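Data first, discussion second: the structure below is written as structure tokens.
In this note's numbering, the protein residues as written are 267 to 423.
In structure tokens, the structure reads:
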């Protein structure tokens with residue numbers, strides 16, 4: 267697995283084109299996309315994870331429809347950096363997605379605090395629990411992707 271700086275350097279090679287970011291969950295999968303200039307991340311959709319094949323097909327459809335140049339998947343590591351069950355599941359999902367969308371590159375990116383940060387902001391904004399549940403996954407993907415886009419612009423060299 268590449269480190270965060272290595273992922274940023276690999277993504278920096280993709281000068282133009284949309285990036286797609288996935289916030290994996292066992293039930294819901296949040297999807298966010300960048301604009302073609304890689305300046306702004308926007309929440310795109312939430313996929314209900316029914317089975318592996320339908321999930322892979324839905325993501326493949328988005329990749330083709332939006333001319334995606336690379337995919338970033340949030341990797342839910344433990345706070346001490348260890349892989350747990352969720353991180354192992356995400357790694358297997360990445361392997362399956364690579365077979366489906368090759369040659370589009372896929373990168374795993376540490377996302378330890380993304381969902382919690384979004385949840386906290388939504389609570390501060392007094393968003394109801396049911397509304398938070400409906401949007402937290404795609405907003406977490408958007409939050410992660412926007413952070414990556416910022417790193418692409420600022421961490422040069």
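Quick reminder that beta carbons are idealized off the backbone N, C-alpha and C, glycines included. Keep in mind the model is a prediction, meaning the values are calculated, not measured.
Nearest to residue i (by Cα), restricted to the options the options
i: residue 321; options: 295, 392, 341; result: 295
i: residue 274; options: 289, 378, 304; result: 304
i: residue 409; options: 310, 330, 272, 345; result: 310
i: residue 356; options: 401, 388, 318, 281; result: 318
i: residue 371; options: 349, 333, 344; result: 333
i: residue 291; options: 283, 282, 344, 353; result: 353
i: residue 348; options: 377, 302, 280; result: 377
7 Å CB neighbourhood of residue i in its chain, flanking five on each side removed
i: residue 411; result: 285, 287, 298, 300, 307, 338
Spatial neighbours of residue i in its chain, beta-carbon cut-off 6 Å, leaving aside the 5 residues before and after
i: residue 312; result: 294, 296, 403, 404
i: residue 373; result: 273, 338
i: residue 367; result: 326, 329
Environment of residue i [buried if 16+ CB atoms lie within 10 Å]
i: residue 359; result: buried
i: residue 335; result: buried
i: residue 268; result: exposed
i: residue 420; result: exposed
i: residue 277; result: buried
Segment limits, alpha helix (DSSP H) that includes residue i
i: residue 373; result: From DSSP, residue 373 is part of no alpha helix (DSSP H) but of the beta strand (DSSP E) over 372-376.
i: residue 289; result: Here residue 289 belongs to no alpha helix (DSSP H); instead the beta strand (DSSP E) covers 284-289.
Chain-order list of residues whose beta-carbon lies under 8 Å from that of residue i (same chain, five-residue window excluded)
i: residue 381; result: 289, 402, 403, 406
- Could you tell me which uninterrupted alpha helix (DSSP H) segments, each at least 4 residues in length, are contained entirely in the stretch 334-385, listed from first to last along the chain? Counting whole runs of 4 or more residues, the stretch 334-385 contains the alpha helix (DSSP H) stretches 351-367.
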